[in-house]
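J.: Read left to right, the sequence shown gives residues 1 to 73 (full-length UniProt numbering).
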Amino acid sequence: MGNSLLIQLIWNDSKPWTVAIDGEDPGEAGFTGSVVIADFASLEAAKAWADADPYVDAGVYQSVSVKPFKKVF
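(1) What distance in whole Å lies between the Cβ atoms of V66 and A47, which are believed to be in contact at a cut-off of 8 Å?
(2) Under DSSP, the alpha helix (DSSP H) around V56 begins and ends at which residues?
(3) Express the C-alpha separation of A58 and A52 in angstroms, rounding to a whole number.
(4) Mapping DSSP to helix, strand and coil, what is Q62?
(5) Helix, strand or coil: which one does DSSP assign to A48?
(6) When the Cα atoms are used, what is the spatial distance from Y55 to F40?
Below you can see the structure in the form of structure tokens.
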């Protein structure tokens, strides 16, 4: 499939798929939250960075999870 055809399929208004998570209102699915994928020297450094987030300090987030991520593509 050529790139231009692929782009047309992606942007076509009659696409057979919908965005599951987009914008401020997740709809009936009820998804909330965010994700950050970043490269740190260690898991401990990533946790320290997350703990220093002002929103964590202010109690904005109900919970924060820091986990390793393996890039496969």
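Glycine is no exception: its CB is placed at the ideal position from the N, C-alpha and C atoms.
T.: Put simply:
(1) As a first step, residue 47 is located in the sequence shown; it is residue number 47 there, counting from the start. As a first step, residue 66 is located in the sequence shown; it is residue number 66 there, counting from the start. Sequence inspection shows Lys at residue 47; the Ala mentioned does not correspond to that position. Going by Cβ atoms, the distance from K47 to V66 rounds to 5 Å, so yes, they are a contact pair.
(2) Position 56 of the sequence shown, counting from 1, holds the residue named residue 56. Per DSSP, V56 belongs to the alpha helix (DSSP H) from 54-57.
(3) One-based indexing of the sequence shown puts residue 52 at position 52. One-based indexing of the sequence shown puts residue 58 at position 58. Straight-line spacing of the CA atoms in A52 and A58 works out to 10 Å.
(4) For this step, residue 62 is matched to residue 62 along the sequence shown. Under the three-state reduction of DSSP, Q62 is assigned to coil, being neither helix nor strand.
(5) Against the sequence shown, residue 48 aligns to sequence position 48. In this structure, A48 counts as helix in the three-state DSSP scheme.
(6) As a position in the sequence shown, residue 55 is number 55, starting the count at 1. As a position in the sequence shown, residue 40 is number 40, starting the count at 1. Y55 and F40: Cα-Cα distance of roughly 20 Å.
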